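Here the structure is laid out as structure tokens; the discussion comes afterwards.
Number of protein chains: 2
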Amino acid sequence: MAGRGRLGLLAVTALSASSPVVGMVGGGQLARMTHEAASGLGVRLKVLAASPDDSAAAVCPGVSAGDPASLADLRDFAATCDVLTFDHEHVPSEHLAALERAGVCVRPGSVALRHAQDKLVMRERLAALGLPCPRYSPVRTLDEVREFAGADRWPVVLKAVRGGYDGRGVWVCRAPGEAAEVLAAMRQRGGAVIAEEHVPFRRELAALVARSPHGQAAAFPVVQTVQRDGVCREVLGPAPGLDPGDAARAAQLALRVAAELGVTGLLAVELFDTAAGLLVNELAMRPHNSGHWTIEGARTSQFEQHLRAVLDLPLGTPRLAAPQVAMANIFGAGKCESAADVFARYVHVMAADPGAKIHLYGKQPRPGRKIGHVTVPGDAGDDLATLRARARRAASYLGSGRESDD
Amino acid sequence: MAGRGRLGLLAVTALSASSPVVGMVGGGQLARMTHEAASGLGVRLKVLAASPDDSAAAVCPGVSAGDPASLADLRDFAATCDVLTFDHEHVPSEHLAALERAGVCVRPGSVALRHAQDKLVMRERLAALGLPCPRYSPVRTLDEVREFAGADRWPVVLKAVRGGYDGRGVWVCRAPGEAAEVLAAMRQRGGAVIAEEHVPFRRELAALVARSPHGQAAAFPVVQTVQRDGVCREVLGPAPGLDPGDAARAAQLALRVAAELGVTGLLAVELFDTAAGLLVNELAMRPHNSGHWTIEGARTSQFEQHLRAVLDLPLGTPRLAAPQVAMANIFGAGKCESAADVFARYVHVMAADPGAKIHLYGKQPRPGRKIGHVTVPGDAGDDLATLRARARRAASYLGSGRESDD
């Protein structure tokens with residue numbers, strides 16, 4: 001059971017003569033940016049990627065090709081690592097439990113991770129903890145959806161209990177007919193569904209915290225996220241105009257969730273800011289799009305913090321490195337574009353804004369696909385609207401060749 | 407001759423369907439940290455490493471093994487890259503000239519780079535430009551050294567014209583007997599020698615600038631460096647208490663050297679700060695130890711800036727990201743230590759100082775070898791002596807297990 005407790009020096013020494021090996025399941029941009037942090041820390045990162053074209057595969061030498069849904073692939077991969085962690089949630093929890101029984105050090109552990117994989121498990125747990133959530137109910141039939149909505153509470157949000165991300169698996173249904181379509185489609189896929197109230201939020205916030213197996217925890221400043229069609233487009237950090245009491249409550253809530261669920265590594269809590277207070281929308285247990293701004297904006301990036309946490313090293317300070325920061329995602333736009341086309345726009349964006357920090361993930365720019373992000377760190381006294389406009393403009397131009405994607 | 411002019415999109419497209427490939431000769435920590443920046447920018451970095459144990463080889467997938475002194479190895483490597491650059495100066499300039507004649511895009515070019523490879527060439531050029539240097543003279547015999555020193559100007563500094571670094575190839579000779587020993591040893595090696603006056607400096611400074619093939623240039627804030635036995639141990643940025651006029655003069659001097667010598671990429675100018683003004687000590691044309699602080703301390707790191715410059719992309723802002731920064735190098739100490747021993751000290755250093763940014767290079771910790779560095783970014787109003795003590799303490803403990811290496 002050594003692998004299930006603290007990592008300790010024994011496990012490290014056993015596998016590596018130099019430094020510990022963190023194995024990340026998933027080869028997307030989160031693994032890519034984690035590799036950048038790992039290189040700095042002298043931590044070796046291995047990646048289990050589904051495809052050699054994955055974002056991390058181009059920059060990380062320790063990439064294994066494998067299926068994150070295959071226990072055999074996971075087991076082979078884990079045998080080469082000191083600790084296993086994730087850049088996405090699409091790993092069967094029964095496989096992770098099997099690995100844990102075999103002594104693999106899985107962080108976050110399978111029991112904690114289920115709350116980021118299964119929306120019903122998450123809702124029930126948070127409700128049991130008395131934490132504020134939207135009203136919800138598992139639903140199988142249209143009658144159950146109708147009953148949930150009552151006479152006047154449409155639209156209703158239906159969510160796939162498992163497998164959703166970036167707006168996929170979430171449907172805002174305005175009327176019973178739309179709900180019926182979703183239920184039929186999900187029935188065909190064999191996936192369970194929950195209904196949630198459609199929350200009239202003022203804005204969305206995200207609270208990002210890290211927790212180590214020791215139980216040490218640290219909270220990054222709470223940020224505002226701006227989504228469109230369920231996809232994060234912008235992040236403003238710290239959340240502008242957020243009441244300090246609300247900011248503290250959001251961070252405390254995330255720290256409590258991390259502790260109660262036994263999270264190891266990062267926990268992102270996506271929140272609705274409503275007239276009635278904060279409500280938990282989603283959980284993620286990995287580096288998160290709402291934390292990309294920390295690369296330049298915080299003294300410890302979320303990627304370094306995740307590595308420290310899963311290795312049970314003391315956490316770094318989450319303090320701001322810039323008083324305010326705007327981040328905008330870059331999305332692919334053109335249908336026949338290559339990464340070289342996107343790169344060719346660098347000259348214009350860099351000439352226009354020498355202070356914009358551009359991150360490209362080396363991904364083929366399919367329409368709507370996140371292929372990078374831009375962070376604009378500001379000084380005290382800078383106008384946040386200007387920082388935000390700069391980030392949006394650079395991101396839009398890189399993605400589409402246009403200065404605005406609105 | 408396309409490769410000798412601006413990189414242009416043609417060369418990029420020709421070699422890569424995704425993004426340009428920068429080839430770096432040398433696989434040390436400079437290549438490693440350049441890879442971290444390249445990953446962020448979506449630039450592919452390939453490395454020509456002398457050994458698979460080199461620092462960059464563990465983190466960069468595009469590593470070729472080869473001898474930087476072999477034209478055949480350089481040619482094979484260059485054929486896989488859009489632009490060739492360097493993490494050290496130990497590449498024969500005649501090979502680089504041959505590559506340039508064959509159309510390879512070499513940045514900095516062989517003519518510029520000679521000034522960082524050959525101390526006599528550098529001194530003669532700077533003298534011709536009227537730039538302030540220590541008094542110097544090529545010397546072959548002890549009589550010539552005696553003549554240079556005259557009656558009362560001992561000690562005299564003797565330097566190998568080529569091949570020195572980190573204090574190697576530099577000898578402070580207190581008396582003719584010591585000079586005779588150096589000359590005899592250098593005669594055996596077949597290496598030329600110059601004599602320089604022993605400058606009574608108040609402190610050492612470094613001015614780091616970047617220049618692109620377009621001629622765009624940007625200067626980082628001038629820093630103070632603290633050396634021992636010719637090896638950089640600490641950097642304080644910006645140089646504390648430096649008169650703004652002197653800071654501007656130092657930056658202007660470096661910008662002028664970069665322009666006059668036709669440097670592309672980074673140029674570090676090491677300076678003596680004397681009662682009579684600034685004197686140029688050394689030049690380097692690559693990321694430089696005096697610029698490691700820029701990773702956290704400047705809005706654009708020196709590594710990102712070097713990539714932008716050699717790709718002829720617009721340069722990033724060199725502005726401070728923290729008002730003051732202290733950096734200390736980590737040196738190996740114990741004779742029988744491994745990188746794992748150094749890593750095992752992380753827990754203590756990180757617990758003691760959550761704001762210290764630690765960089766380990768994945769190198770075997772041989773005594774006296776640079777194996778990493780620690781940067782402590784400070785806020786306005788922080789006491790620089792405290793920042794410096796924190797950086798030194800963390801670096802010393804990581805290297806030796808002791809809190810002070812004095």
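Read top to bottom, the protein sequences are chains A and B. So that you can map any letter, position 264 of the first sequence is 264 in our numbering, and since no number is skipped, the others follow by simple counting. So that you can map any letter, position 373 of the second sequence is 779 in our numbering, and since no number is skipped, the others follow by simple counting. Backbone N, C-alpha and C fix where the C-beta goes; we use that ideal spot for every residue, glycine too. Computed from a predicted structure; not experimentally measured.
For the 8 Å CB-CB criterion, D479(B) and D473(B) form a contact. Here G434(B) is near A462(B), since their CB atoms are less than 8 Å apart. Judged by beta-carbon spacing, L726(B) lies beyond the 8 Å limit of G761(B), meaning their Cβ atoms are not closer than that value. Between L360(A) and chain B, the shortest Cβ-Cβ separation is below 8 Å. For Y165(A), the secondary structure class from DSSP, reduced to helix, strand or coil, is strand. With respect to the C-alpha of E147(A), the residue from A112(A), E196(A), M122(A) having the closest C-alpha is E196(A).
Contact between the region 557-569 of chain B and the region 614-633 of chain B is absent, with fewer than three C-beta pairs closer than 8 Å. S39, G40, L41, G42, R44, A58, V59, C60, P61: these are the residues of the region 37-67 of chain A whose beta carbon lies less than 7 Å from some beta carbon of chain B, given in chain order. Counting only runs of 4 or more residues that sit fully inside the region 131-191 of chain A, the alpha helix (DSSP H) segments are 142-149, 176-189, in chain order. The beta-carbon separation of S425(B) and R450(B), rounded to 6 Å, stays under the 8 Å limit for a contact. Cβ-Cβ separation between P314(A) and V753(B): approximately 6 Å, consistent with a contact (criterion under 8 Å). C-alpha of L713(B) to C-alpha of L490(B): approximately 11 Å in a straight line. Counting only Cβ-Cβ distances below 7 Å, T723(B) has contacts in chain A at P354, G355, in chain order.
Cβ atoms of V342(A) and L398(A) come within 8 Å of each other, at about 6 Å.
Here the region 205-213 of chain A lies against the region 264-277 of chain A, with 3 or more beta-carbon pairs under 8 Å apart. Using a 10 angstroms sphere on the CB of C742(B), the tally of other CB atoms stays under 16, which defines it as exposed. As computed with DSSP, A326(A) is found in a beta bridge with L236(A), V376(A).
Less than 8 Å separates the beta-carbon of A394(A) from that of V374(A). With a beta-carbon spacing of about 6 Å, R751(B) and G807(B) fall inside the 8 Å limit used to define contacts. Any Cβ of chain B closer than 8 Å to the Cβ of V21(A) would place that residue at the interface, and such an atom is absent. In terms of Cα proximity to N695(B), the closest of D759(B), A456(B), A612(B) is A612(B).
Of all residues in the region 735-762 of chain B, only S744, A745, A746, F749, A750, Y752, V753, M756, A757, P760, G761 come within less than 7 Å of chain A when Cβ atoms are compared, listed by chain position. A residue is called buried when at least 16 other Cβ atoms come within 10 angstroms of its Cβ; A385(A) does not meet this threshold and is exposed.
Cβ contact annotation for A78(A) (same chain, cutoff 7 Å, sequence separation greater than five): G23, L84, L99, V104, in chain order. Burial is judged here by how many other beta carbons sit within 10 angstroms of a residue's own beta carbon; L129(A) has fewer than 16 and is exposed.
In the DSSP annotation of this structure, K357(A) is not part of any alpha helix (DSSP H); the continuous beta strand (DSSP E) holding it starts and ends at 357-360. As a beta-bridge residue in DSSP terms, K776(B) pairs with F737(B).
Around the Cβ of D353(A), a 10 Å sphere holds 16 or more other Cβ atoms; the residue is buried. Annotation: T723(B) to M33(A) spans about 22 Å, alpha carbon to alpha carbon.
In the same chain as C638(B), and ignoring 5 residues on each side of it, the C-beta atoms closer than 7 Å to its own belong to T631, N695, S696, N735, in chain order. Just so you know, the alpha carbons of V59(A) and A31(A) end up roughly 10 Å apart. In the DSSP assignment, R481(B) falls within the unbroken alpha helix (DSSP H) covering 477-484. Taking a Cβ-Cβ threshold of 8 Å, the residues of chain A close to R714(B) are M350, in chain order. When the Cα atoms are used, D379(A) and P240(A) turn out to be separated by approximately 14 Å. Under DSSP, I701(B) takes part in no beta bridge, so it has no partner.
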